[in-house]
Amino acid sequence: MNTWFNFTADELEAIRLSLWVASIGTLASLPTGALAAYALARWRFPGKFLLDALVHLPLVLPPVVTGYLLLLLFGKKGPAGKFLESSLGIVFSFRWTGAALAAAVMGFPLLVRAIRLSFEATDRRLEDAARTLGANPAIVFLTVTLPLALSGILAGLVLAFAKALGEFGATITFVSNIPGETRTLPTAIYTYTQVPGADLHAARLVAVAIVISLAALVISEFLSRRIAARIAG
Amino acid sequence: MFDVAFEKKLGNFLLDVTFKSNAPVTALCGPSGAGKTSVVNAIAGLLQPDCGKIAVGGKQLFNSENAIEVPVHHRNVRVVFQESRIFPHFNVRQNLLYGRWIARRGPGTQLEEVTQLLGLEALLSRRPRTLSGGERQRVAIGRALLADPSALLLDEPLASLDQARKQEIVPYLEKLVATARIPILYVSHARDEIERFAKIVVVLEAGRVKSVEKIGR
Chain B
54 MNTWFNFTAD ELEAIRLSLW VASIGTLASL PTGALAAYAL ARWRFPGKFL
104 LDALVHLPLV LPPVVTGYLL LLLFGKKGPA GKFLESSLGI VFSFRWTGAA
154 LAAAVMGFPL LVRAIRLSFE ATDRRLEDAA RTLGANPAIV FLTVTLPLAL
204 SGILAGLVLA FAKALGEFGA TITFVSNIPG ETRTLPTAIY TYTQVPGADL
254 HAARLVAVAI VISLAALVIS EFLSRRIAAR IAG
Chain F
211 MFDVAFEKKL GNFLLDVTFK SNAPVTALCG PSGAGKTSVV NAIAGLLQPD
261 CGKIAVGGKQ LFNSENAIEV PVHHRNVRVV FQESRIFPHF NVRQNLLYGR
311 WIARRGPGTQ LEEVTQLLGL EALLSRRPRT LSGGERQRVA IGRALLADPS
361 ALLLDEPLAS LDQARKQEIV PYLEKLVATA RIPILYVSHA RDEIERFAKI
411 VVVLEAGRVK SVEKIGR
């Protein structure tokens, strides 16, 4: 039993990195995701179909293709990569930031879908009531739309986080498999399965992945119930 | 007080409404489907007419000739909706003070006055889910009153209530109508309700004004 919990430094590093990368990627994509969800749920504009398709692309493309496209765009020589490095000093290629970007992109469709549904389900008549009470569109959004959509936003965050945690193909294509920098749980597990006699390491990390994913689900369920209870009374 | 003349096409339904009223309380009545709620929405700014003009209390809110359209949140026309529409994620007190909070004004003495007028003192910390239909409607009325209205539109405030609840709320409405110093438009399909409150009755039928009647007291 004792050997089960004797995590090596490499394993702990992969776990820590995974949690960090998935959290940062998910949180950083929240503002854009919420905006895209709102636009898709509420606005009518030319090119809406294109936006919808673009948002869903990472869900249907082979992850390796998404990773390769990220490499072309955000790599050292990619246009977005060059621009971000020279203007903000952000480098993605072969860094944990690149892993976070890959995680964010792969989780994005799930995030947007969940938030969009909750915006669509929000009672527009309550928003109208707020407008007649003097609330401008921004205040209506902040005081009525957003609080009523909170459980959907939370569900989207958890889904995206879970997806980000399990992200493998795009990450390994885009930023490779560098210990301490881009070796997250899935790539670490994969690496251990390729080494003879490292089954215990792989199994331990698999167990950790299951525990983290389940914990995320339980926490989100608990929070969304609390929010629902607060809203209902 | 109300100077309304506008047209709005809603699918196959043409709303063509013209009426003027100088009474403090004007009633708008007619069978369901006559377009009463659409008139309320147009005055509140939630529905944009195709053409025409709308003025309340001498203030132009909409005029297609001069391209005037005051945004909803600047109209100061407060609405009590048929389904109350109180905010489920706020308690009663927060609902009541919503309009004042947006205008960056504190509760002042008005919160006390309004809660007293509507008998809401005991409900202030309650959550909307725990309120009865009549209580919800009283909160909705209080919320509109506390938002410093320059006019009040009551859209069938009693329609969703059973007889006992109606009896519970009528005294409050009577007090409100007697004390309010702002133009009130009271919408209902029930004739007896209207004659109790209004001096001028605008009868709407199939999207048009059929008649404007004065009620003698």
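In order, the protein sequences belong to chains B and F.
Numbers 54 to 286, taken from this note's numbering, label the letters of the first sequence in order.
Numbers 211 to 427, taken from this note's numbering, label the letters of the second sequence in order.
The beta carbon of each residue, even a glycine, is placed where N, CA and C say it ideally should be.
Boundaries of the beta strand (DSSP E) in which residue i is found, first to last residue
{"i": "Ser136 of chain B", "result": "Residue identity check: residue 136 of chain B is Phe in the sequence provided, not Ser. Premise fails: Phe136 of chain B lies in the alpha helix (DSSP H), Pro132 to Ser140, not in any beta strand (DSSP E)."}
{"i": "Thr319 of chain F", "result": "Element bounds for Thr319 of chain F: n/a, residue is neither H nor E."}
{"i": "Asn251 of chain F", "result": "Asn251 of chain F -> not in any beta strand (DSSP E); alpha helix (DSSP H) instead, spanning Lys246 to Ala254."}
{"i": "Ser398 of chain F", "result": "Ile394 to Ser398"}
{"i": "Leu238 of chain F", "result": "Val235 to Cys239"}
{"i": "Arg288 of chain F", "result": "Val287 to Val290"}
{"i": "Ala374 of chain F", "result": "Counting along the chain, Ala374 of chain F falls outside any beta strand (DSSP E), though it belongs to the alpha helix (DSSP H) covering Gln373 to Thr389."}
{"i": "Ile143 of chain B", "result": "Taken as a continuous stretch (DSSP letters only), Ile143 of chain B belongs to no beta strand (DSSP E), as it is neither H nor E."}
{"i": "Lys269 of chain F", "result": "Lys269 to Asn273"}
Contacting residues, own chain, Cβ-Cβ under 6 Å from residue i (five flanking each side not counted)
{"i": "Ala202 of chain B", "result": "Ser171, Phe172 and Thr175"}
{"i": "Ala233 of chain F", "result": "Lys409 and Ile410"}
{"i": "Leu70 of chain B", "result": "Thr237"}
{"i": "Asn251 of chain F", "result": "Leu257"}
{"i": "Tyr91 of chain B", "result": "Phe172"}
{"i": "Ile394 of chain F", "result": "Val235 and Leu362"}
{"i": "Thr325 of chain F", "result": "Glu331"}
{"i": "Glu366 of chain F", "result": "Gln292, Val397 and Ser398"}
{"i": "His109 of chain B", "result": "Pro162"}
{"i": "Arg303 of chain F", "result": "Leu334"}
{"i": "Ala265 of chain F", "result": "Asp213"}
{"i": "Leu271 of chain F", "result": "Ile264, Val280 and Arg285"}
{"i": "Gly426 of chain F", "result": "none"}
{"i": "Ala251 of chain B", "result": "Tyr245"}
Residue range of the alpha helix (DSSP H) that includes residue i
{"i": "Arg69 of chain B", "result": "Ala62 to Arg95"}
{"i": "Arg166 of chain B", "result": "Trp149 to Ala174"}
{"i": "Ile404 of chain F", "result": "Arg401 to Phe407"}
{"i": "Ile410 of chain F", "result": "Per DSSP, Ile410 of chain F belongs to no alpha helix (DSSP H); it is in the beta strand (DSSP E), Ile410 to Glu415."}
{"i": "Gly222 of chain B", "result": "Gly222 to Val228"}
{"i": "Val282 of chain F", "result": "No alpha helix (DSSP H) holds Val282 of chain F; DSSP gives it neither H nor E."}
{"i": "Gln347 of chain F", "result": "Gly343 to Leu356"}
{"i": "Lys216 of chain B", "result": "Leu203 to Gly219"}
{"i": "Ala106 of chain B", "result": "Lys101 to Val113"}
{"i": "Gln304 of chain F", "result": "Val302 to Ile312"}
{"i": "Gly120 of chain B", "result": "Pro116 to Phe127"}
{"i": "Pro239 of chain B", "result": "Leu238 to Thr246"}
{"i": "Ile296 of chain F", "result": "Premise fails: Ile296 of chain F is in no alpha helix (DSSP H) and is neither H nor E."}
{"i": "Arg184 of chain B", "result": "Arg177 to Thr185"}
{"i": "Val193 of chain B", "result": "Pro190 to Val193"}
Residues sharing a beta bridge with residue i, DSSP
{"i": "Lys420 of chain F", "result": "None; Lys420 of chain F has no bridge partner."}
{"i": "Leu364 of chain F", "result": "F:Val290 and F:Tyr396"}
{"i": "Leu225 of chain F", "result": "F:Lys218"}
{"i": "Ala213 of chain F", "result": "It should be pointed out that residue 213 of chain F corresponds to Asp in this sequence rather than to Ala. Note: Asp213 of chain F sits in a beta bridge opposite F:Lys230 and F:Ala265."}
{"i": "Ile278 of chain F", "result": "F:Asn273"}
Close-in-space but distant-in-sequence residues of the same chain around residue i (CB under 8 Å, 5 per side omitted)
{"i": "Arg346 of chain F", "result": "Ser294, Ile296 and Pro338"}
{"i": "Lys219 of chain F", "result": "Leu225 and Asp260"}
{"i": "Pro132 of chain B", "result": "Leu126"}
{"i": "Ile379 of chain F", "result": "Gly344, Gln347, Arg348, Pro367, Leu368 and Leu371"}
{"i": "Arg148 of chain B", "result": "Val228, Glu234 and Thr235"}
{"i": "Phe214 of chain B", "result": "Ala75, Ser76, Thr79, Gly160 and Ala269"}
Residues near residue i by beta carbon distance below 7 Å, same chain, minus five either side
{"i": "Gly262 of chain F", "result": "Ala215, Phe216, Glu217 and Ser274"}
{"i": "Pro281 of chain F", "result": "Gly255"}
{"i": "Gly142 of chain B", "result": "none"}
{"i": "Ile77 of chain B", "result": "Ala153"}
{"i": "Gly317 of chain F", "result": "Reading off the sequence, residue 317 of chain F comes out as Pro, not Gly. So the list reads Leu307 and Arg310, once near-sequence residues are dropped."}
{"i": "Asp105 of chain B", "result": "Leu93"}
{"i": "Gly240 of chain F", "result": "Lys246, His399, Val413, Leu414 and Glu415"}
Residue-level contact to chain C via CB, residue i, 8 Å cutoff
{"i": "Val411 of chain F", "result": "Of the protein chains in the structure, B and F, none is chain C."}
Contact test: residue i Cβ vs the ligand SAM heavy atom, cutoff 7 Å
{"i": "Ala215 of chain B", "result": "Absence of the ligand SAM is noted for the structure shown, with no ligands found whatsoever."}
Exercise for the section: Would you be able to state if there are at least three C-beta pairs under 8 Å between the stretch 215 to 226 of chain B and the stretch 153 to 166 of chain B? Expected result: yes
Exercise for the section: With 8 Å as the limit, tell me which residues of the stretch 303 to 325 of chain F have their beta carbon closer than that to any beta carbon of chain B; keep them in chain order. Expected result: Tyr308, Gly309, Ile312 and Ala313
Exercise for the section: Anything in the stretch 172 to 203 of chain B with a Cβ closer than 9 Å to a Cβ of chain F? List those residues in chain order, please. Expected result: Asp176, Arg178, Leu179, Asp181, Ala182, Ala183, Arg184, Thr185, Leu186, Gly187, Ala188, Asn189, Pro190, Ile192, Val193, Thr196, Val197, Pro200, Leu201 and Leu203
Practice task
Give, in chain order, every residue of the stretch 239 to 266 of chain F whose Cβ lies closer than 9 Å to some Cβ of chain B.
Solution key: Under the 9 Å Cβ criterion, the stretch 239 to 266 of chain F contributes Asn251, Ala254, Gly255 and Leu256.
Problem - Any 3 or more C-beta pairs closer than 8 Å across the stretch 229 to 246 of chain B and the stretch 200 to 216 of chain B - result: no
Problem - Inter-stretch contact (C-beta, 8 Å, three-pair minimum) for the stretch 297 to 308 of chain F and the stretch 350 to 368 of chain F - result: Contact annotation: the stretch 297 to 308 of chain F touches the stretch 350 to 368 of chain F, with at least three C-beta pairs closer than 8 Å.
Practice task
Can you give me, in chain order, the residues of the stretch 345 to 368 of chain F that have a beta carbon less than 8 Å from any beta carbon in chain B?
Solution key: Arg353, Ala354 and Ala357
Problem - chain F contacts made by the stretch 87 to 118 of chain B, where a contact means CB separation under 7 Å - result: So the list is empty, because no residue satisfies the distance condition.
Handout entry: Members of the stretch 264 to 281 of chain B near chain F, C-beta cut-off 7 Å
Key = none
Handout entry: Cβ contact (3+ pairs, closer than 8 Å) linking the stretch 272 to 288 of chain F and the stretch 313 to 323 of chain F
Key = no
Practice task
Examine the Cβ distances between the stretch 413 to 423 of chain F and the stretch 239 to 246 of chain F and report whether three or more of them are shorter than 8 Å.
Solution key: yes
Problem - Contacting positions in the stretch 385 to 402 of chain F - beta carbon closer than 7 Å to chain B - result: none
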